[in-house]
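If you read the sequence shown in UniProt numbering, its first letter stands for residue 1, the second for the next number, and so on.
Have a look at the structure below, then the notes.
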Amino acid sequence: MGKRITSVLSGRLALTRELSSVLVVCMCMLFTQSGLGITIPTLDYISRTFGIDDDPGKQSWLSASYSLLVGTLVLPMGAAGDLLGHKKLVVAGFAWFSLWSLIAGLSSYSGSHIFFDVCRGFQGMGPAMILPNGVAILGRLYRAGTTRKYIAFCAFAAMAPNGFMVAATFSGIFVDRTSIGWPLSFYIFAIALALVAVLGLLVLPSEAELLDIHRQHVEQDRRKKEQTTLTEGEKTAVRPHSSPKPAASSDSQTHSEAEHPARTDTPSGSETPRDRSGPGFQEHEEGRPIQPDHVSAMDDSFSEATTKFDWIGAFLGVSSLLLLNVAWNQGGVLGWQSPQTYILLIIGFLLGGAFVASSFYLEQPLVPRDVWTAENALVLGCVSLGWSSFGIWSFYSYRIWQVVRGKSVLLSVAYMSPVSITGIVAAFGTGYLLKGLGPGPVLFISMCAFLIGSSLIGTMPAQQTYWTASFFSSLLTPIGMDSSFPSASIILSDRLPHNRQGQAGSLVNTCINWSIAIGLGIGGTVEHYIVQHLKEHPDGRSPIEITFKGYRSAMYVGIGLATLGVLLSALNWFIIWWESRRDRSESAKEEEKGA
Numbered sequence: 001m002g003k004r005i006t007s008v009l010s011g012r013l014a015l016t017r018e019l020s021s022v023l024v025v026c027m028c029m030l031f032t033q034s035g036l037g038i039t040i041p042t043l044d045y046i047s048r049t050f051g052i053d054d055d056p057g058k059q060s061w062l063s064a065s066y067s068l069l070v071g072t073l074v075l076p077m078g079a080a081g082d083l084l085g086h087k088k089l090v091v092a093g094f095a096w097f098s099l100w101s102l103i104a105g106l107s108s109y110s111g112s113h114i115f116f117d118v119c120r121g122f123q124g125m126g127p128a129m130i131l132p133n134g135v136a137i138l139g140r141l142y143r144a145g146t147t148r149k150y151i152a153f154c155a156f157a158a159m160a161p162n163g164f165m166v167a168a169t170f171s172g173i174f175v176d177r178t179s180i181g182w183p184l185s186f187y188i189f190a191i192a193l194a195l196v197a198v199l200g201l202l203v204l205p206s207e208a209e210l211l212d213i214h215r216q217h218v219e220q221d222r223r224k225k226e227q228t229t230l231t232e233g234e235k236t237a238v239r240p241h242s243s244p245k246p247a248a249s250s251d252s253q254t255h256s257e258a259e260h261p262a263r264t265d266t267p268s269g270s271e272t273p274r275d276r277s278g279p280g281f282q283e284h285e286e287g288r289p290i291q292p293d294h295v296s297a298m299d300d301s302f303s304e305a306t307t308k309f310d311w312i313g314a315f316l317g318v319s320s321l322l323l324l325n326v327a328w329n330q331g332g333v334l335g336w337q338s339p340q341t342y343i344l345l346i347i348g349f350l351l352g353g354a355f356v357a358s359s360f361y362l363e364q365p366l367v368p369r370d371v372w373t374a375e376n377a378l379v380l381g382c383v384s385l386g387w388s389s390f391g392i393w394s395f396y397s398y399r400i401w402q403v404v405r406g407k408s409v410l411l412s413v414a415y416m417s418p419v420s421i422t423g424i425v426a427a428f429g430t431g432y433l434l435k436g437l438g439p440g441p442v443l444f445i446s447m448c449a450f451l452i453g454s455s456l457i458g459t460m461p462a463q464q465t466y467w468t469a470s471f472f473s474s475l476l477t478p479i480g481m482d483s484s485f486p487s488a489s490i491i492l493s494d495r496l497p498h499n500r501q502g503q504a505g506s507l508v509n510t511c512i513n514w515s516i517a518i519g520l521g522i523g524g525t526v527e528h529y530i531v532q533h534l535k536e537h538p539d540g541r542s543p544i545e546i547t548f549k550g551y552r553s554a555m556y557v558g559i560g561l562a563t564l565g566v567l568l569s570a571l572n573w574f575i576i577w578w579e580s581r582r583d584r585s586e587s588a589k590e591e592e593k594g595a
């Protein structure tokens, strides 16, 4: 007989609930990327509705406003999920996402592109809630290093290209085949989001269930540790001249007592001590829990949660990310000769520096102090650079196909279709690569994929068959998307404690979505100045040649960002290799001394 499959959840239909929970969390990524795919292929239709079809700077805001709010708010929303409960934030996020998708569709009757941009920004608040808290649920459901955790994270990552493609396909069909046009895609989107919100309310594990799962994981770790200690004790007993190590055993026992305030065999309905990983639980720097009477005084109420939330860090971080992104995207609209643009940039940098500094002085900073390490900075830097280039690649690939080559929306979507197949293969293959090669080489591979994909589109001529540069670019770029996200998420998820899982998801998703928006802003700024210069000095170029030159210049920015990502990932790989070599050398020296 085959091995029986068990679930990490308990009760009736436990396995069904577990699979449904993973499905809902995967929908977090699918619908987030659908929010991009719903506008980029149909940009010309939306622009004509609002009368901005001849203004590239304003057109870029139709997509950038969405990614801007996702990337800006995802960090505080992850921290809020740690305090208030991840399920609540996921369900509320889907409901909010649904509401503003409906309003964004109705904004077509207003005739104002600014109102549509505002609606898109409010749309982005939904993914900011669901993404980090969905990742946190996955991180808390499964133990570090387990096959299920790898599969769940890889399935989550595989939704990125497929979410984009699903939305792009349906939006293309609606503008080509229906009289309602692009607003219909927003209406259908709103209905689908509402259904997922209801499903999440029914199947996602509650905070109490996640804490119980954590207790089980801790109990399993304790038993393994005791078994290891017992085995080492038996080996010591047969060596009469070897001295035992009671300190290690004592430390292990002390650590076990601190880590396991509640046993898993507590009768149902009885009172149990507060788990150290629950919302609102504080820790001292040395990792020991605070006094039980203080713990019992803590409550999960909103008033208690708000007192522990890092409002200073949230204000500084959100303001910094918002101003930096607005500055770069406004650079493509107003130009950098406007004082408004560079003043916003300077203030954004100052607030960003204050945000980093505040994390070293506040008791419970929005971003934990132990995150600010060189290794983590390299990983997050690579992710940011790679996804910035991806934002430029996805936007300008469609612009070249539709505007320069005159292809229809549906044919352009078909041109992008290889990303779905490659994305799934890359996402699940990443799990095996991470186990076999480690995160350093995998991150380097992902950055190379971003670079090759951008280079193929950025250097191809205006007119060329699809089956050369465009096809291979669509085939290779998803490797970068689906290799960078799970590797970075797993690295940070495993490094942070159980009650900080929201920050793990927040950091990676902040880098991804904020970088997409700022990549579009930088690319749009370069396009703006190149096109402006060529219009003043055309030198015999036709309008379409000038437009293509602007697109290609923006793609060169993407190539440069991806190149820098490759260099940083190579440095990260070297550091990991050097540290591993040093550790092996020290272990060998200790073994020689022991012999």
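Built from N, CA and C at the ideal position, the CB exists for glycine as well.
Beta-carbon to beta-carbon, leucine 351 and serine 320 are separated by about 4 Å, close enough to satisfy the 8 Å threshold. The C-beta distance from phenylalanine 315 to alanine 80 rounds to 14 Å, too long to meet the 8 Å contact threshold. Judged by DSSP in its simplified three-state form, tryptophan 387 adopts helix. At the C-beta level, isoleucine 512 and glycine 134 stay beyond 9 Å of one another. Between the segment 175-191 and the segment 52-69 there are fewer than three C-beta pairs closer than 8 Å, too few to call the two in contact.
Cβ-Cβ distances below 6 Å link isoleucine 400 to Tyr551 in the same chain, with the five nearest sequence neighbours on each side left out; the list follows chain order. Relative to the Cα of threonine 422, the nearest Cα in the group His528, Gly480, Ala554 belongs to Gly480. Ranked by how close their Cα comes to the Cα of methionine 129, the residues Gly57, Val74, Ser585 have Val74 in first place.
In the DSSP assignment, serine 454 falls within the alpha helix (DSSP H) that extends over 439-459. Glutamine 463: not part of any alpha helix (DSSP H); DSSP gives it neither H nor E. Secondary structure note for glycine 139: its alpha helix (DSSP H) is the uninterrupted segment 113-141. In the structure shown, the three-state DSSP call for glycine 51 is coil. When rounded, the separation of the alpha-carbon atoms in leucine 534 and lysine 58 is 19 Å. Proximity of the segment 374-387 to the segment 569-576 meets the contact definition, three or more beta-carbon pairs being nearer than 8 Å. Around the beta carbon of glycine 524, 16 or more other beta carbons lie within 10 angstroms, which makes this residue buried. In this structure valine 198 is exposed. Its beta-carbon is surrounded by fewer than 16 other beta-carbon atoms within 10 angstroms.
In this structure the segment 514-531 touches the segment 544-561; the number of beta carbon pairs closer than 8 Å is three or more.
In terms of Cα proximity to glycine 317, the closest of Val356, Ser542, Met447, Val24 is Val356. Counting the other Cβ atoms within 10 Å of the Cβ of glycine 436 gives fewer than 16, which makes it exposed. The residues Phe115, Phe116, Cys119, in chain order, have a CB closer than 7 Å to that of serine 107 in the same chain once the five nearest residues on each side in sequence are set aside. The three-state reading of DSSP puts threonine 146 in coil, since its state is none of H, G, I, E or B. Per DSSP, leucine 204 lies in no alpha helix (DSSP H) and is assigned neither H nor E.
In this structure, proline 132 lies away from valine 409, with their beta-carbon atoms at least 9 Å apart. Burial check for proline 543: the Cβ neighbour count within 10 Å stays below 16, so the residue is exposed.
For tryptophan 372, there is no enclosing alpha helix (DSSP H), as DSSP gives it neither H nor E. Here the alpha carbons of alanine 155 and glutamate 226 stand approximately 35 Å from one another.
Sequence-distant Cβ neighbours of tryptophan 387 in its own chain, meaning closer than 6 Å and more than five residues away, are Ile512, Ser515, Ile516.
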